[in-house]
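First up is the structure itself, then whatever we jot down about it.
Protein chains: 2
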Amino acid sequence: MTAPRSALRADARRNREHLIATAAEAFASGQAISLDGIAKRAGVGSGTLYRHFPTREDLVEEVYRDQIRPLRDDARALLDAEQPAEALHAWMHRFAEWAGERRGICEALVAMSASGRFGTGPVCDEVQQVLSMVLEAGAEAGELRDDIDPVDVGSILASVLAVAGAPEQRAQLDRMLTIVVDGLRPRC
Amino acid sequence: MTAPRSALRADARRNREHLIATAAEAFASGQAISLDGIAKRAGVGSGTLYRHFPTREDLVEEVYRDQIRPLRDDARALLDAEQPAEALHAWMHRFAEWAGERRGICEALVAMSASGRFGTGPVCDEVQQVLSMVLEAGAEAGELRDDIDPVDVGSILASVLAVAGAPEQRAQLDRMLTIVVDGLRPRC
DNA sequence: ACACTAAACGGAGACGTCCCCGATTTGCTT
DNA sequence: AAGCAAATCGGGGACGTCTCCGTTTAGTGT
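Quick note, the sequences are listed as chains A and G, same order.
Per the working numbering: the first sequence = residues 361 to 548.
Per the working numbering: the second sequence = residues 361 to 548.
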């Protein structure tokens, strides 16, 4: 009955998932690791890796696809507990912390922004949706402008993190995020 | 009498300057060019290049050391002609244009910010000084906050340019810079 | 069960970046 | 003019990215 089979052959799917798992482990270890190294660890050729994930960002996004889910719940909780602008600020900090523990994610977001692909890919997309939600709440409350593109905010967030994402730059990052959030408020 | 020797041997100085000139030419051509390629073009070994400029940023900063001077005059002119906040916004656009024509400068500024060296090196330093001047004028006029660290603003500027510095992203960059400048105004 | 085809694999290799080292050259100093 | 320390030369090598193409394999029809 020609089942509704997946577009991927079984071995391809297996390799793909094994690559993601291996990459997740490698990234989590904190060590810098080459893509070829990940392929080797996963026991596949580098050609296989690049066929599944043409760019480094594609792989990174897949690795963190599941891990980012909780951040959306965080956003909802923050919106319930605080004023929207403050919730946005707090969520950005959460995201900074989340990203700080995950090698490569900021660089990937920056690369996607720079090539106009922000919002493509699981992580980007989630971030964009969260920002949309919070910005909208802020606009309704009159605390944030209503003419802001979430993509712009996401791009700024990613770029600022790329520059000051290290734990020892927390204070600087805090000041920079304050500037950004204040810039989203309506002019008086 | 152990003469007041220059720190550099004459041939070393010559090579250094020749490398800068060659790099300036190569960068100006718009082509992507490898550091090894620059060394080859300059007719020196790559070892010589790396001895003079341990990192790519060191070379980039030297190449643009003279070219950035006019931007300071621009800042003064803008301050004379407009309100400080508007002058800041306009100057950032000038800088974006300036940087857009010069390969590698944004990446270098980002790298220096990320490693806490913003303000080191000729270009960084000039940017920081200009920002100081404009921020101070804005604070006096009451148009900008008086508690802003120029390094933070420079870092944001560099990071935003790294993400949206391409000519075809002008519109997005414009929106992002507006957010940043607005974030520097006092809360009402 | 078997053969066939398209999909997927794998790893060698081209290319670029950057570092390093030992032999050689340069140009001060006397 | 000779000695000597500083600096150069230039290529080899380690590492990373990414592509190409001959070979293998899964899944289909018979």
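Glycine is no exception: its CB is placed at the ideal position from the N, C-alpha and C atoms.
Work out the CA separation of residue j and residue i for me, nearest whole Å.
i        : j        : result
A:Ala402 : A:Leu379 : 6 Å
G:Phe387 : G:Ile393 : 7 Å
G:Arg369 : G:Asn375 : 10 Å
G:Cys466 : A:Asp371 : 43 Å
G:Leu551 : A:Gly525 : The requested residue 551 of chain G does not occur in the structure, where chain G is confined to residues 361 to 548.
G:Leu439 : G:Leu469 : 24 Å
G:Arg436 : G:Trp451 : 10 Å
G:Leu409 : G:Glu417 : 13 Å
G:Gly502 : A:Pro546 : 18 Å
A:Ala497 : A:Ser475 : 29 Å
A:Leu395 : G:Ala441 : 53 Å
A:Asp426 : A:Glu446 : 26 Å
A:Gly464 : G:Gly405 : 34 Å
A:Cys548 : G:Pro527 : 32 Å
G:Arg373 : G:Lys400 : 18 Å
G:Arg530 : G:Trp458 : 13 Å
A:Asp506 : G:Glu500 : 30 Å
A:Gln391 : A:Ala381 : 16 Å
A:Ala456 : G:Glu377 : 42 Å
G:Asp553 : G:Arg411 : In the structure displayed, chain G extends from 361 to 548; residue 553 of chain G sits before or after that span and is not available.
A:Glu486 : G:Glu486 : 39 Å
A:Gly407 : A:Ser389 : 24 Å
Which residues in chain A have a C-beta closer than 7 Å to the C-beta of residue i? List them in chain order.
i        : result
G:Ser492 : Per Cβ cutoff of 7 Å: no residues; G:Ser492 is ~16 Å from chain A at best.
G:Arg547 : Asp542
Give the interface partners of residue i over in chain A, defined as CB-CB distance under 8 Å, in chain order.
i        : result
G:Gly543 : Thr538, Ile539, Val540, Val541, Asp542, Gly543, Leu544
G:Val470 : Ala522, Val523
Between the beta-carbon of residue i and the beta-carbon of residue j, is there less than 8 Å?
i        : j        : result
A:Val310 : A:His449 : The question about residue 310 of chain A has no answer here: the residues shown for chain A are numbered 361 through 548.
G:Leu504 : G:Pro444 : yes
A:Ala384 : A:Val420 : no
A:Leu533 : A:Val513 : no
A:Ile539 : G:Leu544 : yes
A:Met472 : A:Gly481 : yes
A:Ala518 : G:Val520 : no
A:Val483 : A:Ile428 : yes
G:Arg462 : G:Leu431 : no
A:Ile516 : G:Met536 : yes
G:Phe478 : G:Gln488 : yes
For residue i, which three-state DSSP category applies?
i        : result
G:Phe580 : The displayed coordinates of chain G run from 361 to 548. Any statement about residue 580 of chain G would go beyond what the structure contains.
A:Ala363 : Only weak support is given to the placement of A:Ala363: the predicted model assigns it a pLDDT of 36, under 50, and the question is left unresolved by the model.
A:Phe413 : coil
A:Asp534 : helix
A:Cys548 : coil
List the endpoints of the continuous alpha helix (DSSP H) containing residue i.
i        : result
G:Leu469 : 465-474
G:Arg369 : From DSSP, G:Arg369 is part of no alpha helix (DSSP H); its letter is neither H nor E.
G:Val404 : Taken as a continuous stretch (DSSP letters only), G:Val404 belongs to no alpha helix (DSSP H), as it is neither H nor E.
A:Gly502 : Segment: none, A:Gly502 is in no alpha helix (DSSP H) and carries neither H nor E.
A:Gly514 : 510-524
G:Arg432 : 429-441
Against residue i, what residues of chain G qualify as contacts under a CB-to-CB distance less than 7 Å, listed in chain order?
i        : result
A:Asp509 : Arg535
A:Ile520 : A small fix is needed here, since residue 520 of chain A is Val in this sequence, not Ile. Result: Ile516, Ser519.
Taking Cβ-Cβ distances shorter than 9 Å, what residues in chain A pair up with residue i?
i        : result
G:Asp512 : Ala524, Gln532, Arg535, Met536, Ile539
G:Ala474 : Ala522, Val523, Ala524, Gly525, Ala526, Gln529
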